[in-house]
Amino acid sequence: HDLLVVDAATMRRTGLLTDWGAGAEPAYPVYCVYDAARALLFASNDARNRLEVVDVGDAARPAVVGEVAAVPELAYVSQLALDAPSNLIIAASQKGDSVAVVDVADAANPKILGSLTSDALDGATGVAYDAAR
235 HDLLVVDAAT MRRTGLLTDW GAGAEPAYPV YCVYDAARAL LFASNDARNR LEVVDVGDAA
295 RPAVVGEVAA VPELAYVSQL ALDAPSNLII AASQKGDSVA VVDVADAANP KILGSLTSDA
355 LDGATGVAYD AAR
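Note that our numbering has the sequence shown beginning at 235, numbered continuously upward.
Listed below in structure tokens is the structure:
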């Protein structure tokens with residue numbers, strides 16, 4: 235699987251990340267959130283049970299700059315929510331029956347701050363975040 239960067243104003247391709255799936259572990263990005271201020275795309279990669287950070291600041295040359303892997307916390311992430319001001323991502327894991335909070339302040343080294351795994355989250359498929367609460 236590849237990542238295609240498109241200029242929304244012209245609907246033309248500006249960049250392509252083709253080596254994302256190189257090696258024994260293919261890339262299978264499913265859910266993405268974008269931090270426009272930092273030009274970073276955060277993508278769940280279901281094939282690798284990871285959250286990957288892609289720098290799209292140079293749209294012609296997007297590049298994976300960081301990742302965090304964890305099972306069950308990031309097993310088949312079914313949704314992501316970003317709170318850009320606090321550099322936090324909330325990830326719902328469908329196979330892990332969990333919700334994880336990931337600190338992405340350091341794009342090269344995202345870290346899981348905590349998680350909740352529960353039978354009550356059986357097949358978790360969505361997440362929302364309200365910074366005011």
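Think of the CB as a built atom: it goes at the ideal place given N, C-alpha and C, for glycine as much as any other residue.
Residues of the same chain with a CB within less than 7 Å of the CB of ARG284, apart from the 5 flanking positions on each side, are GLU301, VAL302, ALA303 and LEU308 in chain order.
Taking C-beta separations shorter than 8 Å and ignoring five residues to either side along the sequence, the partners of ASP356 in its chain run ASP331, following chain order. Less than 7 Å divides the Cβ of ASP289 from the Cβ of ALA297. Per DSSP, the unbroken beta strand (DSSP E) holding THR351 starts and ends at 345–351.
Secondary structure of ALA326 (DSSP, three-state): strand. ARG246 is bridged by DSSP to ASP241. In the DSSP annotation of this structure, the continuous segment of the beta strand (DSSP E) that includes ASN279 starts and ends at 274–279. Using a Cβ distance threshold of 7 Å, THR248 and VAL239 count as a contacting pair. Here DSSP, grouped into helix, strand and coil, assigns PRO263 to strand. The Cβ atoms of GLN313 and VAL361 lie closer than 7 Å to each other.
For LEU285, the three-state secondary structure derived from DSSP is strand. When rounded, the separation of the alpha-carbon atoms in ALA365 and ARG246 is 35 Å. If you draw a 10 Å sphere on the C-beta of PRO344, you find 16 or more other C-beta atoms in it, and that means buried. In the DSSP assignment, LEU314 falls within the unbroken beta strand (DSSP E) covering 311–317.
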